[in-house]
DNA sequence: CCAATCTGCTTAAGCGTTTTACCAAGGTTC
DNA sequence: GAACCTTGGTAAAACGCTTAAGCAGATTGG
């Protein structure tokens with residue numbers, strides 16, 4: 064729709080009054096019809112490029128000229144009203160901006176929705192149940208095609224009741240309820256990948272600093288670690304798994320314990336812990352990756368890419384989650400046999416891991 | 064609207080078939096009217112709580128019961144169609160997720176829009192002009208109340224032509240064109256505040272590591288630095304202003320030069336530079352804040368709050384920008400005499416600055 | 001007891017589209 | 001030249017809602 068060109072032969076600033084007229088009262092189909100000397104049906108047929116419709120080229124042109132001259136834009140509300148279904152997809156998020164994560168979900172959802180001709184309607188609930196109900200109500204009133212219900216960290220969730228009135232997909236969260244479609248990151252595969260990066264570089268004694276707080280990520284990332292070790296024939300050694308609060312302080316605080324383990328590499332539950340650990344190791348005069356190889360998890364760009372040395376890590380695929388959520392909603396994704404669809408967490412290799420020098 | 068309670072006297076799982084019926088064919092006003100034995104006008108009046116309308120309590124109750132039993136939701140499209148103006152505000156962003164910043168703008172805009180009964184329609188253009196035109200067209204077709212046009216970093220911008228067909232406000236960017244409303248961060252005040260944090264703690268020889276790349280921020284933050292010094296009667300010393308690429312590497316690389324300046328404090332163009340500088344200072348065995356006080360700019364949470372020690376900085380008020388954008392659009396903000404409205408950049412004091420020990 | 005007012009509701013037009021059914025005029029066919 | 005088809009269009013209903021105008025019946029005023 065490139066109808067904003069100035070195709071009149073008046074000077075450019077003549078557009079100003081025109082514009083204001085338009086702003087006050089948008090041009091309708093009827094006006095176009097009158098201008099072109101045809102019925103509204105004809106204009107509609109031309110606008111929608113109906114192949115089956117029999118409209119002469121001459122009339123078609125008259126209509127198109129009128130559209131351009133008047134700067135006509137279809138009223139999507141009216142279209143929706145008659146067609147019955149809107150081109151909206153709703154996205155309700157519990158924390159739009161607490162982390163860059165939610166932003167990525169929005170981004171992925173928006174791109175994918177757009178690709179299929181849908182617009183994204185977003186609402187932020189800040190974890191507030193009442194706001195959430197209102198937000199969902201609003202979306203239902205706008206007759207959205209469906210709703211993406213997302214959380215900023217991977218967790219189990221309850222399905223709000225009003226959500227059931229619409230088609231919906233859980234994004235980055237899941238429910239035990241049968242039949243609820245959901246997409247989540249594949250934590251186990253991520254944990255496996257993180258560990259494999261270390262294994263690939265020759266490390267055999269690898270510590271894992273897990274989180275203290277329970278979460279699907281905690282279990283999955285540990286499972287992946289075990290799986291990777293076992294695939295290499297390395298017996299799982301419980302004493303190499305530490306736990307700390309999953310932030311910088313936690314990583315920093317775990318340094319002492321870690322050094323007692325006599326390992327050559329460590330896999331941290333997340334990048335923030337790795338960031339803290341960097342400080343701890345540095346204080347002990349140890350260098351990364353020579354004295355200790357480190358991998359993180361999450362790929363929090365601002366941190367991981369800019370630590371010194373840049374941190375090898377595993378990406379939490381938020382963009383993909385948003386996009387896959389939309390595809391699932393629209394039924395474009397293979398339906399899962401059971402449980403949530405698991406999205407791959409790709410490895411991001413940087414400089415915090417190097418081939419282990421022979422001892 | 065709490066209409067999803069199950070108020071029938073059938074068992075709870077009777078809700079399932081009901082739900083599916085609804086999904087197929089949403090309940091309309093007319094159906095409610097029939098169920099309640101009144102006209103659609105009456106239902107409409109009850110739904111919209113028109114005070115002036117004369118409806119008996121008994122009828123009112125019958126209608127409300129019918130609404131609840133049927134799970135009626137008004138069709139916002141139809142409402143919009145008749146009222147002529149939608150309750151949408153569009154937000155077009157050039158980079159939704161490149162940084163957490165855009166997320167904050169969305170968040171602020173969403174909250175404020177919501178407060179005034181508007182829903183946010185977002186589009187991400189990734190800097191692509193064609194996508195942008197399409198996105199704006201879509202918003203115009205949905206008859207948005209107005210459009211927020213935002214950029215992820217503060218800069219001058221051209222106003223896309225189609226944007227003019229609607230009410231609009233530039234957010235985090237501006238145009239030289241007269242009459243274009245805009246909201247931007249007050250870089251100069253921010254620079255002043257950053258410097259004042261240092262001055263307040265007794266520092267007098269304060270370096271400024273500015274960015275090499277031209278931007279409103281570069282000029283404004285420098286101006287603020289000068290103003291703050293001059294307000295304290297400290298002459299501006301050009302040799303204390305360094306320049307580096309505004310990222311971690313840049314900050315790290317500036318360490319040597321900085322140390323030649325014999326200063327007790329440094330104000331960095333942004334947090335990422337400060338992060339790099341932390342590394343550089345640490346390599347020289349210097350401690351923050353004892354050997355060098357540091358302040359940053361941007362308040363990029365993931366970095367600033369979690370550096371060791373946590374970094375004092377100045378906040379880029381993205382949330383406020385989004386919110387102020389909405390208020391400006393709705394005409395709730397005092398109109399600016401001229402130029403963009405400048406939003407305050409608040410100081411965030413952490414531990415990277417301490418009172419200067421007497422020499 | 002008639003007019004005026006009030007109460008409680010309904011009727012119907014209209015918002016901007018889409019779409020089905022239909023129509024008139026001209027061209028073929030036989 | 002009647003029966004048919006084709007072409008190029010139009011008329012009108014419908015989508016779900018709001019709202020101004022109207023209309024009965026009850027109540028009040030004089």
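Chains as they are written, first to last, in this note's numbering: chain A, 64 to 422; chain B, 64 to 422.
Glycine included, every Cβ here is placed at the ideal spot set by N, Cα and C.
Remember, predicted model here, so these are calculated numbers, not experimental data.
Three-way DSSP call (helix, strand, coil) for residue i in this model
i: residue 185 of chain A; result: strand
i: residue 412 of chain B; result: coil
i: residue 362 of chain A; result: coil
i: residue 405 of chain A; result: strand
i: residue 218 of chain A; result: strand
i: residue 211 of chain A; result: strand
i: residue 294 of chain A; result: helix
i: residue 159 of chain A; result: coil
i: residue 419 of chain B; result: coil
i: residue 151 of chain B; result: strand
i: residue 103 of chain A; result: helix
i: residue 238 of chain A; result: coil
i: residue 302 of chain A; result: helix
i: residue 351 of chain B; result: coil
i: residue 171 of chain B; result: helix
i: residue 114 of chain B; result: coil
i: residue 368 of chain A; result: coil
i: residue 85 of chain B; result: Bear in mind that a pLDDT of 41 at residue 85 of chain B, under 50, signals an unreliable position, so the model cannot answer this.
i: residue 180 of chain B; result: coil
i: residue 400 of chain A; result: coil
i: residue 395 of chain B; result: coil
i: residue 136 of chain B; result: coil
Residue i versus residue j - alpha carbon distance
i: residue 132 of chain A; j: residue 203 of chain B; result: 17 Å
i: residue 242 of chain B; j: residue 228 of chain B; result: 14 Å
i: residue 267 of chain B; j: residue 262 of chain A; result: 52 Å
i: residue 374 of chain B; j: residue 379 of chain A; result: 27 Å
i: residue 136 of chain A; j: residue 103 of chain A; result: 14 Å
i: residue 194 of chain A; j: residue 158 of chain A; result: 12 Å
i: residue 409 of chain B; j: residue 240 of chain B; result: 29 Å
i: residue 327 of chain B; j: residue 318 of chain B; result: 13 Å
i: residue 276 of chain B; j: residue 414 of chain A; result: 27 Å
i: residue 212 of chain B; j: residue 201 of chain B; result: 14 Å
i: residue 419 of chain A; j: residue 362 of chain A; result: 23 Å
i: residue 417 of chain B; j: residue 376 of chain B; result: 13 Å
i: residue 190 of chain A; j: residue 121 of chain A; result: 58 Å
i: residue 423 of chain B; j: residue 218 of chain B; result: For residue 423 of chain B there is no data in the structure shown, the boundaries of chain B being 64 and 422.
i: residue 298 of chain B; j: residue 324 of chain B; result: 15 Å
i: residue 255 of chain B; j: residue 360 of chain B; result: 11 Å
i: residue 107 of chain A; j: residue 387 of chain A; result: 34 Å
i: residue 332 of chain B; j: residue 167 of chain A; result: 26 Å
i: residue 28 of chain A; j: residue 145 of chain B; result: Here chain A covers residues 64 to 422 and nothing more, so residue 28 of chain A does not appear.
i: residue 270 of chain A; j: residue 280 of chain A; result: 17 Å
i: residue 225 of chain A; j: residue 134 of chain B; result: 10 Å
For residue i, the first and last residue of its enclosing alpha helix (DSSP H)
i: residue 345 of chain A; result: 334-346
i: residue 92 of chain B; result: 92-99
i: residue 389 of chain A; result: 381-392
i: residue 126 of chain A; result: 120-133
i: residue 253 of chain B; result: 250-263
i: residue 146 of chain A; result: 139-146
i: residue 193 of chain A; result: 192-204
i: residue 323 of chain B; result: 318-323
One or two residues paired with residue i in a DSSP bridge
i: residue 307 of chain A; result: A:274
i: residue 233 of chain A; result: A:212 and A:245
i: residue 280 of chain B; result: Answer is none; residue 280 of chain B lacks a bridge partner.
i: residue 376 of chain A; result: A:411
i: residue 357 of chain B; result: B:329
i: residue 269 of chain B; result: B:328
Where the beta strand (DSSP E) containing residue i begins and where it ends
i: residue 328 of chain A; result: 328-331
Proximity test, residue i beta-carbon vs the ligand MG heavy atom, cut-off 7 Å
i: residue 215 of chain A; result: The ligand MG is not part of this structure, which contains no ligands at all.
For the stretch 106-123 of chain B and the stretch 335-347 of chain B, state whether three or more C-beta atom pairs, one from each stretch, are separated by less than 8 Å. Fewer than three beta-carbon pairs drawn from the stretch 106-123 of chain B and the stretch 335-347 of chain B are found closer than 8 Å, and the two stretches are therefore not classed as touching.
- Task: Could you tell me whether the stretch 388-400 of chain A touches the stretch 175-189 of chain A, using the rule of 3 or more Cβ pairs below 8 Å?
- Result: Result yes; three or more Cβ-Cβ pairs closer than 8 Å.
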